[in-house]
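Report on one structure; see the data block that follows.
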Amino acid sequence: MTENLWQLSATETVFHIKKGSVSCEAVMASHLNRLNQTRALNAVTTRFDDAALKAARNADKVLAQSKEVGPLHGVPITIKENTDQAKRATSHGVLDFKERFSEDDSPLVKKLINAGAIPLGRTNSPEFAWRFHTENEIFGATLNPWNSELSPGGSSGGAASSLAVGVGCIAQGNDLGGSIRGPSYCCGITGIKPTLGRVAFYNDTSMTERPITIQLASVQGPLARNVADTKLAYEVMLGHSSLDTWSLPNFTIERPEIKKIALVKDPICLGIHPAVSEALDAAADVFTKAGYQVEIATPPSLKEINEIYMRLLFTEMHLAKDTIINTFGSGQIKRVLNHYMQIGEPFDLAGYARALSRRSHFHREWDQFQLEYPIILAPMLTTPPYRAGQDMESVEAMKEMIDAACCMATMNYLDLPAMSVPTNVRELNVPIGVQVIGPRYGEDCCFEAAQILENAFGCPSDELLN
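Heads up: the sequence shown is residues 36 to 501, going by the working numbering.
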């Protein structure tokens, strides 16, 4: 068993490494070879070939000396360009930051490495992770592996694109308005946005503390080709760090019994693409056959929440424009930011304070809704994946993207765990996924529901591995 080891899942890779049927070095060499084969996607920006092979050889030595190894021992992974790795540049896709080297690994990177995972490279991200499409002036654009005319999503587009074709078994990403789930949707794989505090985050390369909305809404999480790998990576990344004031120790909540599932089809009454509707119906049918009661239901205040959250982000982007974007940003990000600014006016101070305080009210509304419907089945986007660079085209094109992402972005403001899960419905050659939303701190509910869907639909990205 020595050829095409990159086709194995993370759980399969760990099994064969611990069994002794493959070596960590052979696994890593296979993934690096796959990276050579798929480099046209431009998904992995910075390669660690020599360091990764050396780490793999060391992992083989450790395994030979002890049977006690981590749950990801020898598993190749990727890290996003906006997350600190020791002695690596955290560029954020920004030209002026390409030499901004970190002194230490971010807490979640440490957890992955301590579990035995081996980073093989860093993945592409748009400037400041503020686009729905992955492109920047340092590394260029990442392609969607299913259809090069479509976006791989943003901002973890490099993570999703590389993973879908077998480069790395697990990818690290972050999510402020869908940056894990959107690329997972666009590339036909699985990704989870956990609840705030579940996964600790800190970058010592940061120039300043993030604005409060972003602190409350941005989370870290894994992408993978199947649910089991996503869950395995999530469990490794869990936990508190003294560097992250929002992070929490590992704990479990009393899981609600999932009897009823809310089906949301047209979240803000602007219409839904037929392929997305078909995917939701197919997923609902799977749940019904599995014994769950699926009901069309509308969660409270969804349109208002989307509008408030977008304006909060626009307000903080407006502040960043004068201090960071105008100083370090390229023409691309300035154009995109200008489109954002024309869609929604920033809040004044009083409006900003009210919008932040309303978050607790909406939390209570949704907490009560999810006592009846612990799982919500909703669109990731109400459309198929975006056109590559659609956010650069016009204000109208940007508005279409924001409206389509209503159910995706609002989960960050509401701080609910949510997963992207592909179905067997296709549009523009891309598997169309759905979103599974759980109660706060109810990631296990998401994994349970996602596994039911995967058992029915399989893993579409397997096609890209053959």
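Using N, Cα and C, we set each Cβ at its ideal position, and we do this for glycine too.
Q255 burial status per 10 Å Cβ neighbour count (16 or more: buried): Working through the sequence shown from its first residue, we reach residue 255 at position 220. So Q255 counts as buried.
Alpha-carbon spacing of M436 relative to F349, whole angstroms: Within the sequence shown, the letter at position 401 stands for residue 436. Within the sequence shown, the letter at position 314 stands for residue 349. C-alpha separation (whole angstroms): 15 Å.
Taking only the alpha-carbon atoms, compute the straight-line gap between Y408 and A297 and give it to the nearest angstrom. As a working mapping, residue 408 is identified with position 373 in the sequence shown. As a working mapping, residue 297 is identified with position 262 in the sequence shown. Those two C-alpha atoms are separated by around 6 Å.
Going by C-alpha distance, which of I411, L143, V49 is nearest K300? Reading the sequence shown from its first residue, position 265 is the one you call residue 300. I411 is the residue among I411, L143, V49 whose C-alpha sits nearest the C-alpha of K300.
With distances taken Cα to Cα, identify the nearest neighbour of N464 among N341, A194, G223. Here residue 464 refers to the residue found at position 429 when the sequence shown is read from its first residue. The shortest CA-to-CA distance from N464 to any of N341, A194, G223 is the one to G223.
For the alpha helix (DSSP H) that contains D210, what are its first and last residues? Here residue 210 corresponds to residue number 175 of the sequence shown, with the count starting at 1. Where D210 is concerned, there is no enclosing alpha helix (DSSP H), although the beta strand (DSSP E) it sits in stretches over 205-210.
Under three-state DSSP, which class holds V254? Taking the sequence shown and counting its residues from 1, one reaches residue 254 at position 219. Correct three-state label for V254: strand.
Please confirm whether Y237 and D279 have their CB atoms less than 7 Å apart. Reading the sequence shown from its first residue, position 202 is the one you call residue 237. Reading the sequence shown from its first residue, position 244 is the one you call residue 279. Yes.
Per DSSP, what kind of secondary structure is T248 in: helix, strand or coil? Taking the first residue of the sequence shown as 1, we reach residue 248 at position 213. Helix at T248.
What's the C-alpha gap between A310 and P187? One-based indexing of the sequence shown puts residue 310 at position 275. One-based indexing of the sequence shown puts residue 187 at position 152. Distance between the alpha carbons of A310 and P187 is about 18 Å.
Restricting to runs no shorter than 3 residues, where is the beta strand (DSSP E) found entirely within the segment 268-319? 295-298
If you count every other CB in all the chains shown that lies within 10 Å of the CB of P507, and 16 or more means buried, which is it? In the structure as shown, the chain begins at 36 and stops at 501. Residue 507 is therefore absent and cannot be evaluated.
Taking the beta carbon of D264 as the centre, do at least 16 other beta carbons fall within 10 Å, making it buried, or is it exposed? In the sequence shown, counting from the first residue as 1, residue 264 sits at position 229. Answer is buried; the Cβ neighbour count reaches 16.
Residues bridged to L412 (per DSSP): Within the sequence shown, numbered from 1, the residue matching residue 412 stands at position 377. Note: L412 sits in a beta bridge opposite L298, V471.
When the distance is taken between beta carbons, is A64 closer than 7 Å to P106? Against the sequence shown, residue 106 aligns to sequence position 71. Against the sequence shown, residue 64 aligns to sequence position 29. Against a cut-off of 7 Å, the Cβ pair of A64 and P106 comes out as no contact.
How is the alpha helix (DSSP H) around G386 delimited, first residue to last? The residue you call residue 386 lines up with position 351 of the sequence shown. Segment 384-407, the alpha helix (DSSP H) holding G386.
Cβ atoms of G213 and I173: under 7 Å apart, would you say? Stepping through the sequence shown from its first residue, residue 173 is reached at position 138. Stepping through the sequence shown from its first residue, residue 213 is reached at position 178. Contact flag unset, no.
So for S496, helix, strand or coil by DSSP? As a position in the sequence shown, residue 496 is number 461, starting the count at 1. The answer is helix: DSSP assigns S496 an H, G or I state.
Helix or strand or just coil, what does DSSP make of N341? Counting from 1 along the sequence shown, the entry for residue 341 is found at position 306. N341 falls in the helix class under three-state DSSP.
Answer yes or no: do N179 and C494 have a C-beta to C-beta separation smaller than 7 Å? Translated into the one-based positions of the sequence shown, residue 179 becomes position 144. Translated into the one-based positions of the sequence shown, residue 494 becomes position 459. No, the Cβ-Cβ distance between N179 and C494 is not below 7 Å.
I'd like to know if the segment 160-171 and the segment 115-130 are in contact, where contact means that at least 3 CB-CB pairs between them fall below 8 Å. Yes, the segment 160-171 is in contact with the segment 115-130.
E103 in three-state terms, based on DSSP: Position 68 of the sequence shown, counted from the start, is the residue given in the question as residue 103. It is coil, neither helix nor strand.
I'd like the span of the beta strand (DSSP E) that includes I359, first residue to last. As a first step, residue 359 must be located in the sequence shown, where it is residue number 324. Unbroken run through I359: none, as it is neither H nor E.
May I ask you to list the residues that DSSP assigns as paired with S455? Start at 1 with the first residue of the sequence shown, and residue 455 comes out as number 420. Note: S455 sits in a beta bridge opposite G226, Q470.
How long is the line joining the alpha carbons of R216 and E38, rounded to whole angstroms? The residue given as residue 216 occupies position 181 in the sequence shown. The residue given as residue 38 occupies position 3 in the sequence shown. Going by the C-alpha atoms only, they are around 31 Å apart.
Taking C-alpha atoms, which residue in L406, Y327, H353 lies nearest to L384? Within the sequence shown, numbered from 1, the residue matching residue 384 stands at position 349. The candidate whose alpha carbon is nearest that of L384 is H353.
Taking the beta strand (DSSP E) that P154 belongs to, which residues open and close that run? Counted from its first residue, the sequence shown places residue 154 at position 119. It spans 153-158 - the beta strand (DSSP E) in which P154 sits, taken as one unbroken run.
Check whether L507 and G226 have beta carbons under 7 Å apart: Look at the range of the chain in this structure, 36 to 501, and you will see that residue 507 is not part of it.
Using only the alpha-carbon positions, how far apart do A45 and F382 sit? Position 10 of the sequence shown holds residue 45. Position 347 of the sequence shown holds residue 382. So the alpha carbons of these two residues sit roughly 45 Å apart.
First and last residue of the beta strand (DSSP E) that includes P111? Here residue 111 refers to the residue found at position 76 when the sequence shown is read from its first residue. Where P111 is concerned, the enclosing beta strand (DSSP E) stretches over 111-115.
DSSP beta-bridge partners for T81? For this step, residue 81 is matched to residue 46 along the sequence shown. Answer is R157, bridged to T81.
So the candidates are M454, M415, S101, N159; which of them puts its Cα closest to the Cα of T81? By one-based count along the sequence shown, residue 81 stands at place 46. The candidate whose alpha carbon is nearest that of T81 is N159.
Residues that R461 bridges to, as DSSP identifies them: Within the sequence shown, residue 461 is the residue found at index 426, counting from 1. Bridge partners of R461: P466.
Locate the alpha helix (DSSP H) running through V49, then write down its first and last residues. As a working note, residue 49 is residue 14 in the sequence shown. DSSP places V49 in the uninterrupted alpha helix (DSSP H) bounded by 45-54.
Take I303 and list the residues in its own chain whose beta-carbon comes closer than 6 Å to its own, dropping the five residues that flank it on each side. Here residue 303 corresponds to residue number 268 of the sequence shown, with the count starting at 1. Closer than 6 Å at the Cβ level, and outside the excluded window around I303, lie K338, C441.
How about S137 and A152: do their beta carbons lie closer than 7 Å? For the purposes of this step, residue 137 is taken as residue 102 along the sequence shown, with counting starting at 1. For the purposes of this step, residue 152 is taken as residue 117 along the sequence shown, with counting starting at 1. No, the pair does not count as a contact, with Cβ atoms beyond the cut-off.
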